[in-house]
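**Q** Quick one: structure below, then a few questions.
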């Protein structure tokens, strides 16, 4: 693919001192430092602007034209997304196995599409349904009446429990567990009574689930992950929670049970949302933020308990001044006492 | 089962305008909104009281008689637990495989009870013991001389390492690891020396372990999880820790090494207990709480470092007022200076 | 092995009232309480000094000679490391399977050394390389062109994805995932664009990875774990991060993407390092610490946002005094008003 074709694919305009440069064929995307003459690179952080001087890349994806640059430019208002789209054109997963292995266990009542791939040591249980183009790696378990949507990839060691549904074009990374029991228990004087978890999990289309992430099944209602959501490794979603479309959750973040986020929720690392909290569209829970109550306003939140980010920053600055403040107040007290003593005399 | 029989099973009394209604047969528990005429529902949160007007359920489990309600009532002092008990009467896991699969690997020296179930691709190592009624799902590994107690269920991908013991009637969810090495290392000038972890893990009876949770083996002494404990998904218990009976740990919470909790400990989400900390019965570590030191008093703790919840709330409120306080002190200083200046003249 | 030989192996000097005692043979290390007459014990925490009076051990490892003790002593400046070394002499893993199982799947293009061990239900994919003495437990998946270094042990359910490299003498505990995709996405107006993760993961020699830990592959550059690093269970390392040699990360701690630590970094439980942060050698991130910015100084950090530990302690103390401070300021204000009123009259 030459640069012109690539630009057209990713919706970028081109800018080149020598238009002939745009005929050059490219086959990959790399960092400024590592890109070779048949790869393109990208500038998404002005910090790396200087490195472009030494770039060997065929072209650079930029947000706006850089005047003093001899390198051909692919100009796109969202250069990060354009770079992603370009990289996706060149890269796809390699799968070294095809067909349905006789070393897999496929229950006689399972419905596996002839164009699905089932690796050795995968277990497809009774009534499970694997749609066309789905790929099930070794050591995956697909539970009773679970469904794996077309073209979804389940990497090694993924478990999808009874009745759970994975949408179309999902990517589920190794060790993820979809539909383990939610954490529903009623403490009593004698012990702890288990609440059977009879809801399931439903993942929308175009969802990605990170390594060893857990999405627990609902107690009564289903746990749902909206269309286009992306979950990092080591994320936990509790029973009956609903994650809005196009949300992102970073590593070691979690939703407790019965949480309901709006669309485009972002949970940064170690952020947690308390049971039953409801959030509007467009909320971002900052790193290590503990969201204890429902919110009505979109925006970035920080702190534990979470407050709007501006407020948290003011508090954090104030806390950093606190030891000083203690001294100031002690001084003020002494000075006031002096004045009071003087006033009495 | 009719409502009368159900009430008797769960230890509830009945209250119905028309006693004939108590003959109705039911087969499940559902939310107020979703319960049909052959299901019961429950009221555990007064917030949902109004929804009962439109309920189609056969009956409702309540904490005390609601006078103005035509729906038959099952009255129990702990309606949440009564609902759990009722739901358990109707629900049980479905297992579509029986017997001991020739596709599993069972070491010739393992002792597998004839009434245990071993799915394909399970691996039972030398000297391991699987008791009657235990169910071992695909891709589980049961280590050398490990023991799985009667009627315990190990869902797919569970690992129980050498010499570890799972009690009776346990439920272990997918991907959990029982008895991986504890994190014991001695840094030296040359590198980091490993301390062999020669203790094991022992899970009591009626324990439940969530998906991808890890309970590490002890360095010298065993790591123990008391009778009736319930661990959520993504929980971590460090080497040599002892979790008291009937404790609960929520998702993404953890105990470091050599922690010793009392009975009925509760660890909320993201709470962590530091190495060697000892706690009395009845401690709750609130969400994101960091318990750095041993405690002698039961109750709820919050904050990092953790303090009793009331104290933490006072601190949190005070911190939220802190930016205002800084202004106040600046004003006071100015006013004081004015007074001092006036006093001098 | 007798005590003299043991002392020589671990580089300790001996101290015994009766030199004949040093001829005694020993075969293990245990706690003071549990050590029998053919085991040694150790004193690494002065808190346990008193227990030595009742010790039945053959000898005790100490940091310096204890004068009033009849027990033979093995004296080493780093008794904790000496104990670790001694314990390692007596303990090694038991593996009940040898050879390369016909129940494993080994791709015809994989290169498995004749002296590597491959358990049943392991899957070795195309072009993967397993070196001499490596041990691959059941339900492990070794991806396309991945490499497992000599003498490394992969316990059950470990996944190493395409092109990733495990060094020599590694220990990888159950359920760990090496090389799942990093969390790289570009949000757009229409949805979320995936950035293919074309970097790999490289683990140095002598690395240990805990149960269910995830080390994600890089977006462009490799994610690297330096020589001798030790990662606990439930640790997360994001895409493209570089962990310096001899670093340690405790349970439920994490590095976001593109973090670069120095050597001997320590991440305590629940500590997190933000994307792109760079740290010098010798930084310790305290428990629940959120390191949001790069640092230039070694040492212990605490808090969120993280600050040097001393500063954090001053702040934490100041916060605990804050409710009191609020009262003080209210009183000061009233007293000041009284003075002002008096001054006006």
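Residue numbers (the numbering used here), protein chains in the order written: chain A, 1 to 345; chain B, 1 to 345; chain C, 1 to 345. We treat Cβ as the ideally placed atom computed from N, Cα and C, and that holds for glycine. Being a predicted model, the structure only gives us computed values, none of them experimental.
Ends of the alpha helix (DSSP H) at residue 315 (chain B)?
**A** Residues 309-320.
**Q** Taking residue 242 (chain B) as the reference, give the member of B:258, B:74, B:248, B:150 with the closest Cα.
**A** Nearest option by C-alpha distance: B:258.
**Q** If you follow the alpha helix (DSSP H) that residue 194 (chain B) is in, where does it begin and where does it stop?
**A** Where residue 194 (chain B) is concerned, there is no enclosing alpha helix (DSSP H), although the beta strand (DSSP E) it sits in stretches over 192-194.
**Q** Residues bridged to residue 202 (chain A) by DSSP?
**A** DSSP output for residue 202 (chain A) lists A:165, A:224 as bridge partner(s).
**Q** Can you name the residues of chain A whose CB is closer than 7 Å to the CB of residue 305 (chain C)?
**A** In chain order: 316.
**Q** Which residue's Cα is closest to the Cα of residue 260 (chain C): C:253, C:252, C:121, C:278?
**A** Ranking the options by Cα distance to residue 260 (chain C), first place goes to C:278.
**Q** How many Å lie between residue 92 (chain C) and residue 98 (chain C) at the Cα?
**A** Near 16 Å, if we compare the C-alpha coordinates of residue 98 (chain C) and residue 92 (chain C).
**Q** For residue 27 (chain A), does the count of other Cβ atoms within 10 angstroms reach 16, so buried, or fall short, so exposed?
**A** The residue is exposed, with fewer than 16 neighbouring Cβ atoms inside 10 Å.
**Q** Could you confirm whether any beta carbon from chain A is found closer than 7 Å to the beta carbon of residue 10 (chain C)?
**A** No, because no Cβ of chain A sits closer than 7 Å to the Cβ of residue 10 (chain C).
**Q** Any C-beta of chain D sitting closer than 7 Å to the C-beta of residue 326 (chain A)?
**A** The chain inventory of the structure shown lacks chain D, comprising the protein chains A, B and C.
**Q** For residue 187 (chain B), write down the residues that DSSP places opposite it in a beta bridge.
**A** BP columns for residue 187 (chain B) point to B:192.
**Q** Can you name, in chain order, every residue of its own chain whose Cβ lies under 8 Å from the Cβ of residue 298 (chain A), other than the five neighbours on each side?
**A** Counting only Cβ-Cβ distances below 8 Å, and skipping sequence neighbours, we find 262, 280, 281, 282, 283.
**Q** Is residue 50 (chain A) buried or exposed, if buried means 16 or more other CB atoms sit within 10 Å of its CB?
**A** Looking at its Cβ environment, which holds fewer than 16 other Cβ atoms inside 10 Å, residue 50 (chain A) is exposed.
**Q** Measuring CA to CA, which of A:148, A:165, A:173, A:161 is closest to residue 160 (chain C)?
**A** Out of A:148, A:165, A:173, A:161, A:173 has the C-alpha closest to the C-alpha of residue 160 (chain C).
**Q** Show which residues of chain B have a CB atom less than 8 Å away from the CB atom of residue 174 (chain C).
**A** Chain B residues near residue 174 (chain C): 141, 159, 161, 177, 180.
**Q** Name, please, each residue of chain A whose Cβ falls closer than 7 Å to the Cβ of residue 193 (chain C).
**A** Residues of chain A passing the Cβ test: 81, 84, 85.
**Q** In the DSSP output, what is residue 112 (chain B) paired with across the bridge?
**A** The partner list for residue 112 (chain B) (beta bridge, DSSP) reads B:130.
**Q** By DSSP's criteria, residue 236 (chain C) is part of a beta bridge. Which residues make up the other side?
**A** Paired residues: C:214, C:254.
**Q** Let me check understanding here. Comparing Cα to Cα, which of A:186, A:188, A:181 lies closest to residue 212 (chain B)?
**A** Out of A:186, A:188, A:181, A:181 has the C-alpha closest to the C-alpha of residue 212 (chain B).
**Q** With a cut-off of 7 Å, does the C-beta of residue 185 (chain C) fall near any C-beta of chain A?
**A** By this cut-off, residue 185 (chain C) is an interface position.
**Q** Is there a Cβ from chain A that is less than 7 Å from the Cβ of residue 232 (chain B)?
**A** Output row for residue 232 (chain B): interface = yes.
**Q** May I ask you to list the residues that DSSP assigns as paired with residue 59 (chain C)?
**A** Residue 59 (chain C) pairs with C:40.
**Q** Ends of the alpha helix (DSSP H) at residue 93 (chain C)?
**A** No alpha helix (DSSP H) contains residue 93 (chain C), which DSSP labels as neither H nor E.
**Q** Under the rule that 16 or more other beta-carbon atoms within 10 Å means buried, what is residue 219 (chain B), buried or exposed?
**A** With 16 or more Cβ atoms within 10 Å of its Cβ, residue 219 (chain B) is classed as buried.
**Q** Residues in its own chain within less than 6 Å of residue 177 (chain C) by CB, not counting five upstream and five downstream?
**A** Closer than 6 Å at Cβ, skipping near neighbours: 159, 214.
**Q** Assign residue 135 (chain A) to one of three DSSP states: helix, strand, or coil.
**A** Correct three-state label for residue 135 (chain A): strand.
**Q** For a cutoff of 7 Å on Cβ pairs, would you count residue 319 (chain C) as touching chain B?
**A** Output row for residue 319 (chain C): interface = yes.
**Q** Just by C-beta distance, which residues in the region 236-247 of chain C are closer than 8 Å to chain B?
**A** Flagged, chain order: 246.
**Q** I'd like to know whether the C-beta of residue 339 (chain B) is nearer than 7 Å to at least one C-beta of chain C.
**A** Yes - at least one Cβ of chain C is within 7 Å of the one on residue 339 (chain B).
**Q** Among B:57, B:14, B:20, whose alpha-carbon lies nearest the alpha-carbon of residue 33 (chain B)?
**A** That would be B:57, whose Cα lies nearest to the Cα of residue 33 (chain B).
**Q** Measuring CA to CA, which of C:274, C:46, C:169, C:254 is closest to residue 267 (chain C)?
**A** It is C:254 whose Cα lies nearest to the Cα of residue 267 (chain C).
**Q** Show which residues of chain C have a CB atom less than 9 Å away from the CB atom of residue 117 (chain B).
**A** By Cβ distance, chain C contributes nothing, its closest Cβ being about 18 Å from residue 117 (chain B), past 9 Å.
**Q** Going straight from the alpha carbon of residue 209 (chain C) to that of residue 238 (chain C), what length do you get?
**A** Looking at the two C-alpha atoms, the distance is approximately 15 Å.
**Q** Which residues, in order along the region 94-127 of chain A, keep a beta-carbon less than 9 Å from a beta-carbon of chain C?
**A** For the region 94-127 of chain A, which is checked against every Cβ of chain C, the residues closer than 9 Å are 94, 95, 96, 97, 101, 103, 119, 120, 121.
**Q** Could you tell me whether the Cβ atoms of residue 82 (chain A) and residue 61 (chain A) are closer together than 7 Å?
**A** Yes. Within cutoff.
**Q** If we ignore side chains and look at the alpha-carbon of each, how far apart do residue 325 (chain C) and residue 326 (chain A) end up?
**A** Straight-line Cα distance between these residues: approximately 7 Å.
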